[in-house]
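Undergrad:
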Amino acid sequence: MNALWDLGAASVREIQEALPEVKRPAYTTVQTIIYRLEEKGAVRRAKKIGNAHVFEPTVTRKSAYRRLVDELLDHFGGSAQPLMSHLVEAGKLSLQDLRTLEAELARVEEAEGAANKHPRGNRTDLKGRRA
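Residue numbers (the numbering used here): -19 to 111.
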């Protein structure tokens, strides 16, 4: 999907050639994956040029990431805390990442406060402080 998101719309051959040369899958392997993604509704045939079909993604990268993360969090009972702890312990989440996330959380809370969806007093920041 990353190759197709990067290309926008492409034939199976173009998708295969966009993959890293090291351990590049065979054309037929890429073709099978694209057809399966088509069956699942993640890609569609946009047009046909000669004998080649041109495929395009029907889901955005952001929506696919969101769905993956939601499914992952379901395995943790909906709580992000165990996942975040693991990322910190594994060195995959830095203090700067946390600061960026905290700023994003503040922006979301500000937007919610402006829309009067949630009272601001019930929310906390990443350090457990009341916002």
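Positions of the beta carbon are idealized from the N, C-alpha and C atoms, including for glycine.
Between the beta-carbon of Ala(-11) and the beta-carbon of Val34, is there less than 8 Å?
TA: The residue labelled residue -11 in the question sits at position 9 within the sequence shown. The residue labelled residue 34 in the question sits at position 54 within the sequence shown. For Ala(-11) and Val34, yes; Cβs fall inside 8 Å.
Undergrad: In whole angstroms, what separates the C-alpha of Phe56 from that of Ser43?
TA: Taking the first residue of the sequence shown as 1, we reach residue 56 at position 76. Taking the first residue of the sequence shown as 1, we reach residue 43 at position 63. Phe56 and Ser43: Cα-Cα distance of roughly 20 Å.
Undergrad: On a CA-only basis, which of Thr40, Ala22, Ser(-9) and Gly21 is nearest Lys28? Give me that one, please.
TA: If you number the sequence shown from 1, residue 28 lands on position 48. Ranking Thr40, Ala22, Ser(-9) and Gly21 by Cα distance to Lys28 puts Ser(-9) first.
Undergrad: Would you call the CB atoms of Arg(-5) and Ala6 closer than 8 Å?
TA: In the sequence shown, residue -5 corresponds to position 15, counting from 1. In the sequence shown, residue 6 corresponds to position 26, counting from 1. In the sequence under discussion, the amino acid at residue -5 is Ile, which differs from the Arg named in the question. Their beta carbons are not under 8 Å apart, which means Ile(-5) does not touch Ala6 by this criterion.
Undergrad: Report the three-state DSSP secondary structure of Arg24 (helix, strand or coil).
TA: Here residue 24 corresponds to residue number 44 of the sequence shown, with the count starting at 1. Residue state, collapsed to three classes: strand.
Undergrad: Please go through the same chain and pick out, in chain order, the residues whose beta-carbon is closer than 6 Å to the beta-carbon of Ala112, but skip the five residues on each side of it.
TA: Residue 112 lies beyond the range of the chain shown here (-19 to 111); nothing can be said about it.
Undergrad: Whose CA, out of Arg(-7), Val2 and Glu19, lies closest to the CA of Gln11?
TA: On the sequence shown, residue 11 is found 31 positions in, with the first residue counted as 1. Nearest of Arg(-7), Val2 and Glu19 to Gln11, Cα basis: Arg(-7).
Undergrad: How would you label Pro62, buried or exposed, when you count the other beta carbons within 10 angstroms and need 16 or more for buried?
TA: Along the sequence shown, one-based indexing puts residue 62 at 82. By the 10 Å Cβ count, Pro62 comes out exposed.
Undergrad: Just how far apart, CA to CA, sit Met64 and Ile13?
TA: What you label residue 64 is simply residue 84 of the sequence shown in a count that begins at 1. What you label residue 13 is simply residue 33 of the sequence shown in a count that begins at 1. One C-alpha to the other measures close to 31 Å.
Undergrad: Would you kindly report the start and end of the unbroken alpha helix (DSSP H) that includes Val88?
TA: Position 108 of the sequence shown, counted from the first residue, corresponds to residue 88. Looking at the DSSP string, the run of the alpha helix (DSSP H) that includes Val88 is Leu75 to Ala94.
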